[in-house]
Structures are given as C-alpha cells and as structure tokens.
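Quick notes on the structure that follows.
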Amino acid sequence: MATDQHEPVTWTANGVPISDRFDDPFYSLEDGLAETRHVFIEGNRLPARLTPGFTVAELGVGTGLNLLALAELARLKGTAPVRYTGFEAFPLAQGDLAQALSAFFPNVPIFAEALLTAWDPAGFSFHAEGVDATMIVGDARLTVRGWTGAADAWFLDGFSPAKNPELWEEDLMHAVAAHTRPGGTFATYTSAGHVRRKLDKAGFEVTRQPGFARKRHMTTGTLR
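Letter by letter, the sequence shown follows residues 2 to 225 of the working numbering.
What follows is the structure, encoded as structure tokens:
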C-alpha cells in the first residue's frame with residue numbers, strides 16, 4: 002500500500018466521511034461515538050479494565066474517534082496515564098479531520114482540540130488529558146511487526162474486510178497476537194467468518210457478540 006497521500010473523502014448529507022479509496026464510511030452512519038463505545042470500549046471491557054499504564058493499539062486510526070472515546074473514559078475513571086498507539090496507512094488531511102470531528106466536539110471537546118493541534122499525516126506523538134498517543138504511519142503489515150510495544154487491548158478498525166483485505170490478512174493477525182500481552186483482548190465491528198478464523202488461528206479465543214445498530218454481530222476475543 003502506498004503511504005504518500007492523504008485519504009480522499011466524500012461527505013454524506015449528514016456529514017459522515019466516506020473513504021473514496023475503500024468506498025466505506027469512517028464510522029457508523031447512525032451514531033459514530035455510540036458505535037465506538039459499544040464496539041471498542043465495551044467490546045474490550047475497558048470500563049472495568051482500564052488502569053494506569055494500560056496500553057491500547059489500533060489498526061486504522063481513521064478520524065481518531067476511538068482514541069477520543071478512550072481518552073474520555075480514562076479522564077472519567079482517573080486512570081491516567083493510558084497509552085495508545087495507532088497504525089494508519091492513509092491519514093486524513095487535517096482539514097478533513099476537523100470536519101469529521103466537529104460533530105463530536107460537544108462530547109469530547111478538550112481532547113478533540115488537542116488531537117487536532119497535534120495531528121500530522123506523517124505521524125505524531127503527544128500527551129493530553131492523561132493519554133499518551135502515537136500514530137505510526139505506514140503499511141500495518143510492516144509497522145506492527147516492527148513495533149517494540151505490546152497492547153492490553155486492540156481496536157481492529159480497518160475498513161470492511163471485503164474492501165480493505167490488507168488489514169485482515171492472516172500474517173497481520175498473527176502479528177497482532179504477538180504484540181498482545183497475556184490475557185489481552187481485541188474488539189472489532191466485523192463478524193466475517195474468515196476474520197474470526199484467522200484470529201482464532203493466531204491464538205485468540207474468539208466470541209461473536211451483538212453488533213451496533215443495524216449490524217447484527219461483531220467480534221471480540223481474548224489471547225489464550
């Protein structure tokens with residue numbers, strides 16, 4: 002995958018960004034923040050698990066909405082510092098990021114402003130509201146394998162496996178497992194059978210869960 006350009010987007014009438022490259026929305030057309038909380042926050046059982054030093058990693062940073070939800074939870078629970086590393090091949094331009102997040106500013110205003118200030122499509126690291134956040138730009142099939150860290154929880158948030166198969170390849174799922182701490186978890190909106198089988202083969206105990214809104218199922222798992 003090339004990494005030398007921003008993610009081109011088209012906007013729906015109600016302001017949801019659609020990836021031109023993958024023809025897929027960046028978050029739920031119904032309620033992006035509610036989807037994030039259901040799939041990634043609750044799916045990883047973070048309200049009960051978050052502690053100082055807890056590390057979250059994400060495949061597909063997108064608009065940073067999942068990071069904002071994580072930061073808000075850490076602030077409410079007083080569990081700073083929480084660490085976040087996101088892997089992204091096609092970062093949004095800063096102007097598109099600002100437009101995408103504008104609807105969520107009332108919910109997470111302080112951290113959203115900090116993210117916009119720090120945002121750099123070439124990658125960034127910053128600290129705000131008790132979260133140490135880093136975005137690593139490049140093909141995740143290479144960058145995850147070269148990462149020296151390990152996560153307590155993963156947000157697997159690439160575009161649809163049918164449209165963005167690179168982020169759901171078997172070797173990458175094995176790399177995710179190799180960079181997961183004992184008892185670590187993942188959550189993802191997809192329930193595609195081939196994705197569940199790859200994650201099971203990589204070493205996760207995989208469970209299908211109720212999905213968000215019109216999506217019947219999602220998938221969670223715990224490293225064996």
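The C-beta atom is built at its ideal place from N, Cα and C for all residues, glycine as well.
Keep in mind that this is a model prediction, so the values were computed, not measured.
Problem - Length at least 4, wholly inside the stretch 75-137: the alpha helix (DSSP H) runs in chain order - result: Correct list: 95-102, 110-119.
Practice task
Consult DSSP for L226 and reduce its assignment to one of helix, strand or coil.
Solution key: Residue 226 is absent from the structure shown; the chain starts at 2 and stops at 225.
Practice task
Tell me the start and end of each unbroken alpha helix (DSSP H) in the stretch 177-217 that is at least 4 residues and wholly inside, in chain order.
Solution key: 194-203
Exercise for the section: Examine chain C for any beta-carbon lying closer than 8 Å to the beta-carbon of A58, and answer yes or no. Expected result: Of the protein chains in this structure there is only one, and it is not chain C.
Exercise for the section: Please name the residue, chosen from I111, A154, F91, that lies closest to E43 on a Cα-to-Cα basis. Expected result: Here residue 43 refers to the residue found at position 42 of the sequence shown. It is A154 whose Cα lies nearest to the Cα of E43.
Practice task
Hey, could you find the ends of the beta strand (DSSP E) V40 is sitting in?
Solution key: Position 39 of the sequence shown, counted from the start, is the residue given in the question as residue 40. Premise fails: V40 is in no beta strand (DSSP E) and is neither H nor E.
Problem - Neighbour-count burial assignment, N165, 16 or more Cβ in a 10 Å radius - result: The residue labelled residue 165 in the question sits at position 164 within the sequence shown. Looking at its Cβ environment, which holds 16 or more other Cβ atoms inside 10 Å, N165 is buried.
Practice task
Decide if D21 is buried, meaning its Cβ has at least 16 other Cβ atoms within 10 Å, or exposed.
Solution key: For the purposes of this step, residue 21 is taken as the residue at position 20 of the sequence shown. D21 is exposed by the Cβ-count criterion.
Exercise for the section: Kindly list the residues whose CB is nearer than 8 Å to the CB of R217, restricted to its own chain and excluding five residues on each side of it in sequence; keep chain order. Expected result: Here residue 217 is taken as the residue at index 216 of the sequence shown, counted from 1. Taken in chain order, the residues that qualify are S192, P211.
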